[in-house]
Amino acid sequence: MAKFEELAATIRQQITAGVWQVGEKLPSLREQTFQSGMSLMTVMHSYQILEGQGWIISRPQSGYYVAPKAEFLSVPKAQNRMAHIGKVDMNAYIFDILQTISDPDIVPFGSAFPDPSLSPLSQVTRALAAVAREITTAELLDYLPPGNFSLRSAIAKRYAQAGVNVSPDEIVITAGALESLNLSLQAVTKPGDWVVIEDPCFYGALQAVEKLGLNAVSVTSDPQSSIDLAALADVLASTEIKACWLMTNSQNPLGYTLSIEKKRQLAAMLEQHNVVLIEDDVYSELYFGQEKPKPAMAYMPQRNSLHCGSFSKSLVAGFRIGWVAAGNYAEEVKKLQLMSTLSTSVPMQLALAKYLSTQNYDRHLRGIRKTLEQRKNLAWQCLKKHLPENVIINYSASGYFLWIELPAAVDASRLCAIMLDHHVSIAPGNMFTTGGDYNNYFRINVSYPWNSREEEAVMRLSSEIRRLENPENIFGYNK
Ligand SMILES: Cc1ncc(COP(=O)(O)O)c(C=O)c1O
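For the sequence shown, position 1 matches number 1 in UniProt numbering, and the numbering has no gaps at all.
Take a look at the structure:
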């Protein structure tokens with residue numbers, strides 16, 4: 001590559017990465033000559049090329065600036081900087097949708113939580129009442145990070161039952177998986193580092209990347225074929241990646257679980273490139289088959305990974321108890337937790353430790369898996385019966401979500417707004433991406449009992465999809 005092309009490529013990359021932002025002035029020709037050690041002619045030539053390609057514009061008497069359209073130029077989708085998603089205010093958007101979940105008048109198809117009535121609340125609160133009676137004031141200060149030993153030991157036993165070797169010493173108890181995932185990401189990165197996320201992915205990952213000032217490369221994932229490992233291999237070979245934040249079991253929102261073979265390949269790839277795996281495994285207990293799927297971390301002999309779990313989805317949401325099996329990063333995670341939330345609620349830790357010391361959790365899990373599978377099948381049949389034929393319903397044999405693909409003309413965000421007027425929520429595809437390629441997708445929560453209210457909601461959904469598909473019918477809407 002000629003020198004001027006090299007310089008042009010470097011500047012293009014810098015613009016893509018946000019080093020130079022839209023409207024910002026680039027170094028003058030003279031400054032660039034000095035910085036790059038190239039001749040004035042070479043630098044001029046580079047700037048001319050970039051101007052011709054639309055990346056920069058020149059202003060007479062002033063210099064060169066990053067062109068407004070630069071952010072739309074051929075930034076490969078897989079290399080978008082998170083700064084580019086500033087256009088979507090993820091937090092406000094997600095907040096609005098999550099708000100609807102607590103409204104009992106709304107059919108909560110958009111909810112991220114399983115039907116709360118599936119929680120064995122009386123058993124868990126009985127455990128809480130018992131520990132509240134026994135707890136001493138001294139004990140209330142006893143469980144700073146990494147948290148209560150009995151609870152960590154109970155979690156380590158569950159790993160052992162699944163054939164994964166984790167010591168209680170590696171486990172840090174957190175306020176749900178959201179805290180464990182955020183602490184994990186913070187423990188292994190510094191601002192400006194590059195990380196890999198899936199596209200589409202759990203919106204918590206997008207928010208964490210944004211909050212920590214990281215750059216993200218998104219790797220396309222698909223409900224049938226799961227994560228594109230060839231694309232991931234390309235990314236790992238071409239970019240210095242610090243960590244991959246992935247879901248290998250019951251991916252949210254798509255629902256897929258990676259095969260053992262794919263988990264092995266993923267693990268080998270990450271170990272080869274010395275990239276840390278942050279594995280979000282919050283739905284791992286909600287499988288429908290005979291055997292609990294192992295996490296990808298089980299196939300990483302060097303264990304350069306942090307595995308995050310939670311009781312929010314499988315037991316009770318409001319207790320806010322999760323954990324991370326942080327391996328070699330446990331010390332760092334503990335330090336970060338001490339400096340942020342200090343520790344996880346002691347009574348809740350003790351209550352869960354007590355509850356887990358019985359057989360009740362396994363009994364409850366057997367029941368909830370069966371119920372979720374039945375409800376998912378009922379939902380599937382109902383959606384099949386009522387939704388237009390050109391709507392694709394992606395089935396997954398775990399968890400409680402279905403991922404729906406609408407005809408290309410139907411905007412799921414608009415459908416979401418219209419359905420809220422009918423007291424039905426859905427989770428539109430835009431919540432799970434920064435690329436905006438999932439406008440015509442949505443996620444539906446099927447964990448609730450499938451009664452006439454749900455069937456009517458699906459019928460309404462169906463008629464609104466038909467209307468949105470047919471543009472002449474949508475003038476009546478003011479949304
Ligand atoms: C994929 C995924 N990861 C993590 C979380 C957060 O879990 P917790 O409630 O334990 O913080 C959620 C919650 O919706 C989730 O869907």
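Glycine included, every Cβ here is placed at the ideal spot set by N, Cα and C.
Just to confirm before moving on: does the CB-CB distance between Ile278 and Ala243 stay below 8 angstroms? By 1-based counting over the sequence shown, the position of residue 278 is 278. By 1-based counting over the sequence shown, the position of residue 243 is 243. Cβ distance < 8 angstroms, so Ile278 and Ala243 count as in contact.
Cut-off 8 angstroms between Cβ atoms - residues of its own chain near residue 559, not counting five sequence neighbours on either side: No answer is possible for residue 559: the residues shown for the chain start at 1 and end at 479.
Around ligand 1, Cβ to any heavy atom closer than 5 angstroms, ordered along the chain: Ala112, Gly176, Ala177, Leu178, Phe202, Asn252, Asp280, Val282, Ser310, Ser312 and Gly322
Could you say which of Asp142, Gln251, Met339 and Thr371 lies nearest to Ser119 if we only look at CA atoms? On the sequence shown, position 119 is the one that residue 119 refers to. That would be Thr371, whose Cα lies nearest to the Cα of Ser119.
Indicate the three-state DSSP secondary structure (helix, strand or coil) for Asp115 in the structure shown. To locate residue 115, count along the sequence shown from 1; it is residue 115. Residue state, collapsed to three classes: coil.
Quick check: the Cα distance between Gly192 and Leu214, rounded to an integer number of angstroms? Position 192 of the sequence shown holds residue 192. Position 214 of the sequence shown holds residue 214. Their Cα atoms are separated by approximately 5 angstroms.
Where Glu210 and Leu229 are concerned, what is the direct C-alpha to C-alpha distance, given to the nearest angstrom? Counting from one through the sequence shown, the residue named residue 210 turns up at place 210. Counting from one through the sequence shown, the residue named residue 229 turns up at place 229. The straight-line gap from Cα to Cα measures roughly 24 angstroms.
Confirm, please, whether the CB-CB distance from Arg12 to Leu50 is below 8 angstroms. In the sequence shown, residue 50 corresponds to position 50, counting from 1. In the sequence shown, residue 12 corresponds to position 12, counting from 1. Closer than 8 angstroms, so yes.
Where do the N-terminal and C-terminal ends of the beta strand (DSSP E) with Glu198 fall, by residue? Position 198 of the sequence shown, counting from 1, holds the residue named residue 198. It spans Trp194 to Asp199 - the beta strand (DSSP E) in which Glu198 sits, taken as one unbroken run.
Would you say Tyr143 and Ser340 are within 8 angstroms of each other, going by their C-beta atoms? Here residue 143 refers to the residue found at position 143 of the sequence shown. Here residue 340 refers to the residue found at position 340 of the sequence shown. The answer is no: Cβ separation not under 8 angstroms.
Pairwise C-alpha distance: Thr100 and Ser36: Taking the sequence shown and counting its residues from 1, one reaches residue 36 at position 36. Taking the sequence shown and counting its residues from 1, one reaches residue 100 at position 100. If I take the Cα positions, the gap works out to 54 angstroms.
Roughly how many whole angstroms lie between the Cα atoms of Ala187 and Ser462? Your numbering for residue 187 matches position 187 in the sequence shown. Your numbering for residue 462 matches position 462 in the sequence shown. Spanning the two alpha carbons is a distance of roughly 45 angstroms.
Since Leu212 is in the alpha helix (DSSP H), which residue starts that stretch and which ends it? Numbered from 1 along the sequence shown, position 212 holds the residue referred to as residue 212. Counting along the chain, Leu212 falls outside any alpha helix (DSSP H), and DSSP gives it neither H nor E.
Cβ distance (whole Å) where Ile444 is taken to contact Leu402 below 8 angstroms: Reading the sequence shown from its first residue, position 444 is the one you call residue 444. Reading the sequence shown from its first residue, position 402 is the one you call residue 402. Right, their Cβ atoms sit about 5 angstroms apart.
To the nearest angstrom, report how far apart Ser111 and Lys334 are at their CA atoms. By 1-based counting over the sequence shown, the position of residue 111 is 111. By 1-based counting over the sequence shown, the position of residue 334 is 334. Approximately 31 angstroms between the Cα atoms of the pair.
Quick one: grab the DSSP three-state call for Gly318. In the sequence shown, the residue the question calls residue 318 occupies position 318. Three-state result, Gly318: coil.
Sequence-distant residues of its chain with Cβ nearer than 6 angstroms to Leu356 (five each side left out): Stepping through the sequence shown from its first residue, residue 356 is reached at position 356. So the list reads Ala154, once near-sequence residues are dropped.
For the alpha helix (DSSP H) containing Gly63, list its first residue and its last residue. Locating residue 63 in the sequence shown gives position 63, where the first residue counts as 1. Taken as a continuous stretch (DSSP letters only), Gly63 belongs to no alpha helix (DSSP H), being part of the beta strand (DSSP E) at Gly63 to Val66.
Looking at the C-beta of Glu170, does it have a partner C-beta in chain B at a distance below 8 angstroms? No chain B appears in the structure shown, which is made up of a single protein chain.
Leaving out the 5 sequence neighbours to the left and right, which residues in its chain are closer than 6 angstroms to Ala267 when beta-carbon positions are compared? Here residue 267 corresponds to residue number 267 of the sequence shown, with the count starting at 1. Contacts found: Ala296, Tyr299 and Met300.
Look up Phe442 in the DSSP assignment and say whether it is helix, strand or coil. The sequence position of residue 442 within the sequence shown is 442, counting from 1. Strand.
Range covered by the beta strand (DSSP E) that runs through Leu342: Residue mapping note: residue 342 aligns to position 342 of the sequence shown, counting from 1. Careful: Leu342 lies outside any beta strand (DSSP E) and carries neither H nor E.
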